[in-house]
Amino acid sequence: MTKFSLRSVLILPYVALVICLALAIGLLSYNAGSHAVQTVSDNLLKETVSRLSQAIDRHVVGSVAVLETAFPAGIAVQKDIRKDFENIRTRLWTASSLYLDPNNYVYYGNRAGQAIGLYRDSIDSGELRVKFVPEELRNFYAIDGINSEPLFSSVEDKIFDPRVRPWFQAGWSNVNDIWTSVYIDFRTNNLVATRARRIEDENEAFEGVVATDISLESLNDFIASLNISENAIAFIVESNGMLIASSHSPNIKRDDNGRNVRVAAGDSGNALLTNIYLKLSPLISGEMENLKPETFSLTDEQGRELYVGYNKFEDEAGLKWINVVAIPSEDFMGGIKNNVTQTLFLSILATAVVSIIGLVILHWVTKDLKLLSQAVNRVGSGYLEEPIHIQRKDEIGALAKNFSAMQNRLQTDYLTGIPNRYAFQQHVKAAIEKCVIADSITPFVVLFFDLNDFKKINDEFGHDIGDQTLKEFALRLKAQTPQNGLAARFAGDEFVIMLNNVQSKEDIDSILLNIKEALSDPFIFNSIAINLNTAIGVAHYPEDGKNVEELLIVADKKMYTNKADIKEHDNIL
Numbered sequence: 002m003t004k005f006s007l008r009s010v011l012i013l014p015y016v017a018l019v020i021c022l023a024l025a026i027g028l029l030s031y032n033a034g035s036h037a038v039q040t041v042s043d044n045l046l047k048e049t050v051s052r053l054s055q056a057i058d059r060h061v062v063g064s065v066a067v068l069e070t071a072f073p074a075g076i077a078v079q080k081d082i083r084k085d086f087e088n089i090r091t092r093l094w095t096a097s098s099l100y101l102d103p104n105n106y107v108y109y110g111n112r113a114g115q116a117i118g119l120y121r122d123s124i125d126s127g128e129l130r131v132k133f134v135p136e137e138l139r140n141f142y143a144i145d146g147i148n149s150e151p152l153f154s155s156v157e158d159k160i161f162d163p164r165v166r167p168w169f170q171a172g173w174s175n176v177n178d179i180w181t182s183v184y185i186d187f188r189t190n191n192l193v194a195t196r197a198r199r200i201e202d203e204n205e206a207f208e209g210v211v212a213t214d215i216s217l218e219s220l221n222d223f224i225a226s227l228n229i230s231e232n233a234i235a236f237i238v239e240s241n242g243m244l245i246a247s248s249h250s251p252n253i254k255r256d257d258n259g260r261n262v263r264v265a266a267g268d269s270g271n272a273l274l275t276n277i278y279l280k281l282s283p284l285i286s287g288e289m290e291n292l293k294p295e296t297f298s299l300t301d302e303q304g305r306e307l308y309v310g311y312n313k314f315e316d317e318a319g320l321k322w323i324n325v326v327a328i329p330s331e332d333f334m335g336g337i338k339n340n341v342t343q344t345l346f347l348s349i350l351a352t353a354v355v356s357i358i359g360l361v362i363l364h365w366v367t368k369d370l371k372l373l374s375q376a377v378n379r380v381g382s383g384y385l386e387e388p389i390h391i392q393r394k395d396e397i398g399a400l401a402k403n404f405s406a407m408q409n410r411l412q413t414d415y416l417t418g419i420p421n422r423y424a425f426q427q428h429v430k431a432a433i434e435k436c437v438i439a440d441s442i443t444p445f446v447v448l449f450f451d452l453n454d455f456k457k458i459n460d461e462f463g464h465d466i467g468d469q470t471l472k473e474f475a476l477r478l479k480a481q482t483p484q485n486g487l488a489a490r491f492a493g494d495e496f497v498i499m500l501n502n503v504q505s506k507e508d509i510d511s512i513l514l515n516i517k518e519a520l521s522d523p524f525i526f527n528s529i530a531i532n533l534n535t536a537i538g539v540a541h542y543p544e545d546g547k548n549v550e551e552l553l554i555v556a557d558k559k560m561y562t563n564k565a566d567i568k569e570h571d572n573i574l
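What the sequence shown shows, in the working numbering, is residues 2 to 574, in sequence order.
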C-alpha cells in the first residue's frame, strides 16, 4: 500500500478542492453577485433613509428645548409684556443661544396684541423686536449681550399683529406643540418651519403663543452632501408632495411673476426624481403607520433599474416628512461584472500557486503545534502565563482551547470562582512593570481583607456554611470592585483587591465605605444569619512599596492593626 506523507495528504486534496471551487465560483459568481446587489442595496437604502431621519431629528429636536427655555412650564405669565420685559428678554436670549443654527429666532405674542421677539445674527449680537401697544408699529433694537442696553435701530413700516399670524392661530387652537406649514422666509429666501406652543396663565386660560423658526437650509445642504454612489439621488418630501430638501434639484424656484415659490416633487425638473415620486406617491398618499424603512424597485424611462428606499419621519408636534433615497443598479452591477472576470483570472492563478499555499498551510499547522509545545513546557517548568490564542476549529484548536481552560483553572479559586493569589500577584506585577516601562507612575491601592473569627463559623455551623459564607463574601466583594480593579481570594479567609488610578484618600474612602456597607448585611443561609466582622488593610503604590511583595506585607500589617483595633473596641464595649 502506498504511503502518503503528511505534506501530500494536506496538499493533494487542497489542489483538487481549489480546482473544483474555481469552476464553481466562475459559474455561480454572477448569480451570487446579483443577489448580493439586492441585499446590499436594501441594507444601504434602509441605513441611509434612517440617517436622514436622524439628521431631521437632530435638526428639529432643539426646538423643544428652545420653547421650554423661553417659557418654562409653570412659569407665571403677565398679561402685559412690559411688566415682565427684562425676564422675557433674558429668557429669549438664553433660548436662542441653545441652538443658534437653526433656532436663531424666538418670539412671543399675547392675546392683547403685544409682541416681543429676538433674532440672533451671531453668538454675540441680535435684534430685539418689541411691540407694547397693538395699534403701534414694532420697534427694532440692536443688542450685543444678554444684559446689554437695547439700542434703537428702526421702526417696522407695517402694522404687525401677532394674533392674525398663522403660528399664533396654530398655537391658540392646539393644546400641544404644533408645527406650522413650511414657508419661504422673505429675508433669506430659504425654507422655514415654525414650532409654536400655547402659553396659559395660572388659571389655565389662554394667554399667548411662543414660537421659534427653524431654517431648513442646513438640512438641504446635508442632503446635497450625501455620498451614496455616483448616480444616487436623495430627497425629503412632505406628504402633499412639496420638496423639503433634495440632492439634485432646488426646493425653491421663481414663478412667471418673479416670485419665489416652493417646488413640488412631481414638478422638480429632474426626471429621475419625478419618476420616483410618481411611483412612491400611492404608497404615501394614506396614513403611514409603519415608521421603519421600506424598499421597492422600478425601471425608469431609460430602462435603468432603480432601487428605492423610503421611510416616514414623524414627531409629537405633527411634523410628517418622507425621506427617499434611490440608487441605480448599474452603480453596483459594474463591480459585479468586473468581479466575474477577476474570478476567472484568479481561478487560473490559484491552481498554479496551490502547492505554495499548501506549504503555507503546513507551516501554519506546525507553527501552532510548536506554540502549544512551548506553552506546555513553560507550564511544566512552573510558569503560568496568559492563555494562548490559537483561532482554529480543528483538533489543534480544541487542544489549545482545553489548554487555555486549564490555565484559567490554575488561576481561579475553585471555591469562590474569583481569581486566586497567583493571578492577583501577576496582575499587580504587570501593573508595576507597565509603570516602570512607561517611566510614569500610575498610583493604585491594594486592599487586604480578613474575616474576623471565621473559625467560629466553621465550628458552630459546619464547613458547608463556612464555604457558603466565603462564596457570598467573594461575590459581594467582587460586586463592589470597580471595573478597572481586581478582587481575588488570597488564602483561607483572606481576600485582596487592587484598585487602579486611585489619586487621593477621598477616592479610597468612598470605595471602602461602599464595601463596608455591602459586607455589613447579614449572611443568611438556611435561615441562619451570620454577621461578619472584617479587618481591612490598605497599601498605596508607590508610597508603601515598589513591588507586589512589599505592598502585600504593608497591607497585611495594616490589616492586623485594624484587627487589633476592632478587638480592643469590642473589649471596651
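Heads up, the beta-carbon is just placed ideally off N, CA and C, and yes, glycines get one too.
field: Best match in Asp395, Ile509, Ile525 for proximity to Leu533 [C-alpha to C-alpha]
entry: Counting from one through the sequence shown, the residue named residue 533 turns up at place 532. The residue with the shortest Cα to Cα distance from Leu533 is Ile525.
- prompt: For Trp322 versus Ile245, is the C-beta spacing smaller than 8 Å?
  reply: Residue numbering aside, residue 322 sits at position 321 when the sequence shown is read from its first letter. Residue numbering aside, residue 245 sits at position 244 when the sequence shown is read from its first letter. A contact, by the Cβ cut-off of 8 Å.
message: Please list the terminal residues of the continuous alpha helix (DSSP H) segment that includes His578.
response: The structure shown has nothing for residue 578, since the chain only spans 2 to 574.
message: Closest to Ser98 by C-alpha separation, out of Gly63, Gly110, Gly75, Lys84, would be which residue?
response: Within the sequence shown, residue 98 is the residue found at index 97, counting from 1. Checking every option, the nearest Cα to that of Ser98 belongs to Gly63.
message: Give me, in chain order, the residues of the same chain whose beta-carbon lies closer than 7 Å to that of Phe223; leave out the 5 immediate sequence neighbours on both sides.
response: The count along the sequence shown starts at 1 and reaches residue 223 at position 222. Contacts found: Ala56.
Buried or exposed by the 16-neighbour rule on C-beta atoms within 10 Å, applied to Pro283: One-based indexing of the sequence shown puts residue 283 at position 282. Per the 10 Å Cβ criterion, exposed.
query: Does DSSP put Pro329 in a helix, in a strand, or in coil?
result: Residue 329 sits at position 328 when you count from the first residue of the sequence shown. Strand.
message: Which residues does DSSP list as the beta-bridge partners of Ser1?
response: Beyond the ends of the chain as shown, which are 2 and 574, falls residue 1; an answer cannot be given.
- prompt: Any idea what DSSP makes of Ser298, helix, strand or coil?
  reply: Working through the sequence shown from its first residue, we reach residue 298 at position 297. Three-state result, Ser298: strand.
- prompt: Does the stretch 226-236 come close enough to the stretch 202-211 to have 3 or more Cβ pairs within less than 8 Å?
  reply: The answer is no - the stretch 202-211 does not touch the stretch 226-236, with fewer than three Cβ pairs under 8 Å.
Residue interval of the alpha helix (DSSP H) (run including Ile285): To locate residue 285, count along the sequence shown from 1; it is residue 284. That run of the alpha helix (DSSP H) goes 272-285.
task: Just the C-alpha distance for Asn527 and Leu520, rounded to the nearest angstrom, thanks.
output: Counting from one through the sequence shown, the residue named residue 527 turns up at place 526. Counting from one through the sequence shown, the residue named residue 520 turns up at place 519. So the two alpha carbons sit approximately 19 Å from each other.
message: Please report the distance separating the alpha-carbon of Ala488 from that of Thr562.
response: Taking the first residue of the sequence shown as position 1, residue 488 is located at position 487. Taking the first residue of the sequence shown as position 1, residue 562 is located at position 561. Rounded to whole angstroms, the separation of the alpha carbons of Thr562 and Ala488 is 22 Å.
query: So, do the stretch 455-466 and the stretch 413-422 have three or more beta carbon pairs nearer to each other than 8 Å?
result: Touching, no, given that fewer than three Cβ pairs across the two stretches are closer than 8 Å.
task: Pick helix, strand or coil for Ala66, following the three-state DSSP scheme.
output: Stepping through the sequence shown from its first residue, residue 66 is reached at position 65. Of the three classes helix, strand and coil, the one that applies to Ala66 here is helix, per DSSP.
message: Suppose contacts are defined by Cβ-Cβ distances below 8 Å. Is Val1 in contact with Tyr100 by that definition?
response: Beyond the ends of the chain as shown, which are 2 and 574, falls residue 1; an answer cannot be given.
message: Is it buried or exposed, Asn421, if we count other Cβ atoms within 10 angstroms and call 16 or more buried?
response: Working through the sequence shown from its first residue, we reach residue 421 at position 420. Flag for Asn421 reads buried.
- prompt: Given Asp85, which residues of its chain have a CB within under 7 Å of its CB, disregarding the five upstream and five downstream residues?
  reply: Walking along the sequence shown from the start, residue 85 turns up at place 84. Hits under 7 Å: Gln79.
task: Decide if Gly75 is buried, meaning its Cβ has at least 16 other Cβ atoms within 10 Å, or exposed.
output: Start at 1 with the first residue of the sequence shown, and residue 75 comes out as number 74. It counts as exposed.
- request: Could you pull out every unbroken beta strand (DSSP E) segment of at least 3 residues lying fully inside the stretch 434-479, listed in chain order?
  value: The stretch 434-479 contains these whole beta strand (DSSP E) runs: 445-453.
- prompt: Is Arg52 helix, strand or coil when you go by DSSP?
  reply: Indexing the sequence shown from 1 puts residue 52 at position 51. Under the three-state reduction of DSSP, Arg52 is assigned to helix.
query: With C-beta atoms as the reference, is Leu552 less than 8 Å away from Val437?
result: As a first step, residue 552 must be located in the sequence shown, where it is residue number 551. As a first step, residue 437 must be located in the sequence shown, where it is residue number 436. For Leu552 and Val437, no; Cβs fall outside 8 Å.
message: Which same chain residues end up closer than 8 Å to Asp125 when comparing Cβ atoms and leaving out the 5 residues on each side of it in sequence?
response: For the purposes of this step, residue 125 is taken as the residue at position 124 of the sequence shown. The answer, listed in chain order, is Asp145, Gly146.
message: For the structure I just gave you, are there three or more beta carbon pairs, one from the stretch 544-560 and one from the stretch 446-458, closer than 8 Å?
response: Yes, the stretch 544-560 is in contact with the stretch 446-458.
Glu208, enclosing alpha helix (DSSP H) - first and last residue: By 1-based counting over the sequence shown, the position of residue 208 is 207. Where Glu208 is concerned, there is no enclosing alpha helix (DSSP H), although the beta strand (DSSP E) it sits in stretches over 207-216.
message: Whole angstroms are fine: how far does the CA of Tyr184 sit from the CA of Gln115?
response: As a working note, residue 115 is residue 114 in the sequence shown. As a working note, residue 184 is residue 183 in the sequence shown. Cα-Cα distance, rounded: 24 Å.
field: Cα-Cα separation between Glu48 and Ala143, rounded to whole angstroms
entry: Translated into the one-based positions of the sequence shown, residue 48 becomes position 47. Translated into the one-based positions of the sequence shown, residue 143 becomes position 142. Taking the straight line joining both Cα atoms gives about 45 Å.
- request: Less than 8 Å between the CB atoms is what I'm expecting for Leu53 and Ile237, so what's the real figure, rounded?
  value: On the sequence shown, position 52 is the one that residue 53 refers to. On the sequence shown, position 236 is the one that residue 237 refers to. Sure, about 7 Å apart at Cβ, within 8 Å.
- prompt: Are the beta-carbon atoms of Val325 and Tyr308 separated by less than 8 Å?
  reply: Taking the sequence shown and counting its residues from 1, the one referred to as residue 325 is at position 324. Taking the sequence shown and counting its residues from 1, the one referred to as residue 308 is at position 307. With contacts defined by Cβ atoms closer than 8 Å, Val325 and Tyr308 do not form a contacting pair.
task: Check the Cβ-Cβ distances between Asp256 and every residue of chain D, and say whether any is below 8 Å.
output: Within the model displayed, chain D is absent; a lone protein chain is all it includes.
field: Buried or exposed by the 16-neighbour rule on C-beta atoms within 10 Å, applied to Ala327
entry: Within the sequence shown, residue 327 is the residue found at index 326, counting from 1. Residue environment: Ala327 is assigned as buried (16 or more neighbouring CB atoms within 10 Å of its CB, all protein chains considered).
task: Closer than 6 Å by C-beta to Thr296: which residues in its own chain qualify, once you throw out the five before and the five after it? Chain order, please.
output: If you number the sequence shown from 1, residue 296 lands on position 295. Counting only residues of its own chain and dropping the five nearest sequence neighbours on each side, Thr296 has a CB closer than 6 Å to the CB of Asp43, Leu46, Gly310.
query: Between the C-alpha atoms of Val165 and Lys254, what's the straight-line distance to the nearest angstrom?
result: Taking the sequence shown and counting its residues from 1, the one referred to as residue 165 is at position 164. Taking the sequence shown and counting its residues from 1, the one referred to as residue 254 is at position 253. Each residue's Cα considered, the two are about 27 Å apart.
- prompt: Distance, Cα to Cα, Asn252 vs Ile285?
  reply: Within the sequence shown, the letter at position 251 stands for residue 252. Within the sequence shown, the letter at position 284 stands for residue 285. For Asn252 and Ile285, the distance between alpha carbons rounds to 20 Å.
task: Specify the secondary structure class of Ile397 as computed by DSSP and reduced to three states.
output: As a working mapping, residue 397 is identified with position 396 in the sequence shown. Three-state result, Ile397: helix.
- prompt: So Thr195 is in the beta strand (DSSP E); what residue range does that whole segment cover?
  reply: Residue mapping note: residue 195 aligns to position 194 of the sequence shown, counting from 1. For Thr195, the uninterrupted beta strand (DSSP E) segment begins and ends at 192-201.
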